[in-house]
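Protein chains in written order, with my numbering: chain A, 175 to 472; chain B, 65 to 282. The beta carbon of each residue, even a glycine, is placed where N, CA and C say it ideally should be. To keep things clear, I will list the structure first and then write my remarks on it.
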């Protein structure tokens with residue numbers, strides 16, 4: 175992630191560990207990203223599903239693939255002691271980047287009976303991580319021998335409506351010491367332009383989140399079920415037509431083609447008209463698109 | 065108010081199994097006001113228990129229904145029930161969990177059956193036709209600076225520096241975007257009051273040590 179501070183337009187990827195002890199998938203997805211992104215986020219129990227630890231998976235991709243990890247850590251599943259413990263562990267394992275998140279609510283996950291912890295919130299975790307890194311102490315002021323060294327990242331939502339409270343929330347985290355921001359998924363240029371204009375004065379690198387759609391269903395899900403996210407009709411229509419192709423191989427080829435055209439243009443537009451520091455590609459379950467997409471953009 | 069929900073009759077009958085005499089005790093406080101444990105509900109419960117036990121256990125139940133002014137007060141409860149309590153094998157309380165425990169403490173030899181489940185502290189929203197949770201008794205009230213809306217309780221994640229990324233169009237991800245996001249409501253309230261400076265404030269992690277249960281105040 176060091177490249178982000180050198181002013182280069184960069185790409186990051188996303189890896190979702192699953193409900194398995196088999197590290198193969200995580201490693202293979204990391205391999206598919208290698209050489210095309212500077213780092214990969216590793217999600218922490220996304221959608222509140224109990225998956226392989228994001229810390230372990232972050233370590234695995236760094237050690238086995240040489241892929242720099244952005245270790246995602248949510249405040250949903252751990253109290254402050256467990257968060258300190260995992261962050262110290264991350265430091266010991268050579269993790270250099272963390273992305274601090276609230277986490278989807280437990281009732282939305284694969285075991286809604288789980289207890290939501292939220293001992294800290296994400297702003298307070300930024301505060302705690304900074305204390306650990308900068309002051310070498312934990313939240314209670316207890317000294318850490320050999321403090322960890324992290325870049326502390328946060329998320330932001332360009333689709334938030336109203337945007338003002340979202341911006342104030344981001345500012346609070348920047349004031350606390352957040353160093354970079356990755357946005358939630360956007361498919362349209364206008365909201366991201368406004369968001370980037372409004373956040374310029376925060377003076378931190380911002381990576382715009384994009385989500386290549388492996389199928390028409392994925393795009394439809396974003397359009398219909400994620401409030402504030404709107405998928406352009408033309409793109410949706412092209413994806414829908416691909417769904418009608420019966421030959422599996424031809425359909426696969428065509429879906430890649432449609433995505434490549436849409437996202438190449440979209441990212442080029444972002445590069446040309448905004449001051450974004452890069453793109454965060456969330457090709458979850460669709461890692462085969464990362465290579466051609468980044469190659470087309472280079 | 066303490067918000068209660070009646071236990072299903074089947075469950076109450078299971079708990080009351082084997083007893084031939086039960087005193088049914090309502091409460092004129094929260095339970096009475098929200099009509100889940102007042103005088104009428106105690107009388108209805110008495111009738112239902114009598115019928116249920118006759119059908120299920122062939123027992124002619126001896127029961128009596130009455131209410132206590134405040135079942136959470138040990139002195140009031142003990143004084144009210146003392147003259148009659150010995151006539152019954154068990155006591156069925158239609159108050160909150162505090163009422164059940166007050167009776168248990170006042171008459172340690174008696175078996176107390178809870179007739180209600182204690183849900184939360186809140187109020188009735190008559191427009192929505194729902195009871196809503198409003199206070200989690202966190203012990204550090206910040207309502208002055210959050211526009212009279214409690215984020216600890218009304219934010220699904222209890223965030224002190226919200227909202228989270230699960231807010232969209234002022235709604236919360238929990239409940240499929242049908243419920244209001246508390247932090248959006250706080251923002252709107254503070255805007256109306258011209259106090260948005262308070263929204264920008266960073267609130268430190270809460271000290272949870274004094275909330276270690278069971279709590280005591282001298």
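Cβ of residue i within 9 Å of any chain A Cβ
i	result
residue 220 of chain B	yes
residue 171 of chain B	no
residue 266 of chain B	yes
residue 207 of chain B	no
residue 272 of chain B	yes
residue 263 of chain B	yes
residue 260 of chain B	yes
residue 133 of chain B	no
residue 224 of chain B	yes
residue 269 of chain B	yes
Chain B within 9 Å of residue i, Cβ atoms only
i	result
residue 301 of chain A	yes
residue 275 of chain A	yes
Residues sharing a beta bridge with residue i, DSSP
i	result
residue 100 of chain B	BP columns for residue 100 of chain B are empty, so no partner.
residue 245 of chain A	A:216 and A:272
residue 317 of chain A	A:311
residue 85 of chain B	B:126
residue 239 of chain B	For residue 239 of chain B, which the question treats as bridged, DSSP gives no partner whatsoever.
residue 91 of chain B	B:132
residue 67 of chain B	B:184
residue 279 of chain A	DSSP, once it has assigned bridges, lists no residue as partnering residue 279 of chain A.
residue 458 of chain A	According to DSSP, residue 458 of chain A bridges with nothing at all.
residue 505 of chain A	With chain A represented from 175 up to 472, any question about residue 505 of chain A goes unanswered, as that position is not in the structure.
residue 231 of chain B	B:236
residue 452 of chain A	A:184 and A:381
residue 244 of chain B	B:235
Contact residues within the stretch 400–431 of chain A, judged by C-beta distance below 9 Å to chain B: 400, 401, 402 and 403
For the stretch 408–417 of chain A against the stretch 426–441 of chain A, are there 3 or more C-beta pairs whose distance is under 8 Å? A contact exists between the stretch 408–417 of chain A and the stretch 426–441 of chain A.
Check each residue of the stretch 226–250 of chain B: if its Cβ is closer than 8 Å to any Cβ of chain A, include it; give the result in chain order. 226, 227, 228, 229, 230, 231, 232, 233, 234, 235, 237, 238, 241, 247 and 248
Every unbroken beta strand (DSSP E) within the stretch 185–223 of chain A, with a cutoff of 3 residues, ordered by chain: 213–216
Ranges of the alpha helix (DSSP H) found wholly within the stretch 335–418 of chain A, counting only runs of at least 4: 338–350, 363–373, 390–399 and 407–417
Do the stretch 284–300 of chain A and the stretch 237–249 of chain A touch if we need at least three Cβ pairs shorter than 8 Å? yes
Residues in the stretch 246–271 of chain A having any Cβ partner in chain B nearer than 7 Å: 254
What are the residues in the stretch 181–197 of chain A lying within 8 Å of chain B by C-beta distance? Flagged: no residues at all.
Scan the stretch 277–299 of chain A for residues whose Cβ lies nearer than 8 Å to a Cβ of chain B and list them as they occur along the chain. 278, 279, 281, 282, 290, 292, 293, 294, 295, 296, 297 and 298
Those runs of the beta strand (DSSP E) which lie wholly inside the stretch 146–212 of chain B and span at least 3 residues: If we require 3 residues or more, the beta strand (DSSP E) runs fully inside the stretch 146–212 of chain B come out as 154–157, 175–178, 180–189 and 194–199.
Residues of the stretch 343–377 of chain A in Cβ contact with chain B at a cutoff of 8 Å, in chain order, please. 343, 345, 346, 349, 350 and 358
Positions along the stretch 310–344 of chain A whose CB lies within less than 9 Å of some CB in chain D: The structure shown contains no chain D; its protein chains are A and B.
Sufficient close CB pairs (3 or more, under 8 Å) joining the stretch 233–248 of chain B to the stretch 172–187 of chain B: no
Taking contact to mean at least 3 C-beta pairs separated by less than 8 Å, is the stretch 223–232 of chain A in contact with the stretch 190–202 of chain A? yes
How do the stretch 255–262 of chain A and the stretch 232–243 of chain A stand: do at least 3 beta-carbon pairs fall below 8 Å, yes or no? no
Check whether the stretch 82–89 of chain B and the stretch 114–133 of chain B are in contact - that is, three or more C-beta pairs closer than 8 Å. yes
Spell out a yes or no on whether the stretch 315–324 of chain A and the stretch 383–396 of chain A are touching, meaning 3 or more CB-CB pairs, one atom from each, closer than 8 Å. no
Take every Cβ of the stretch 177–184 of chain B, pair it with every Cβ of the stretch 91–101 of chain B, and state whether three or more of those distances are shorter than 8 Å. yes
So does the stretch 216–225 of chain B actually touch the stretch 271–282 of chain B, counting three or more Cβ pairs closer than 8 Å? no
Is there contact here, the stretch 326–345 of chain A with the stretch 265–278 of chain A, by at least three beta-carbon pairs under 8 Å? Short answer: they touch.
Are the stretch 432–445 of chain A and the stretch 147–164 of chain B touching by the rule of at least three beta carbon pairs closer than 8 Å? no
Counting Cβ pairs, one atom from each stretch, are 3 or more of them under 8 Å apart for the stretch 301–314 of chain A and the stretch 278–285 of chain A? No, because fewer than three Cβ pairs between the stretch 301–314 of chain A and the stretch 278–285 of chain A fall closer than 8 Å, the two stretches do not touch.
Should the stretch 235–249 of chain B be regarded as contacting the stretch 198–216 of chain B, the criterion being three or more beta carbon pairs within less than 8 Å? yes
Are three or more beta carbon pairs between the stretch 352–359 of chain A and the stretch 379–390 of chain A nearer than 8 Å? yes
State whether the stretch 71–84 of chain B contacts the stretch 451–459 of chain A, with contact taken as three or more CB pairs (one from each stretch) at a distance under 8 Å. no
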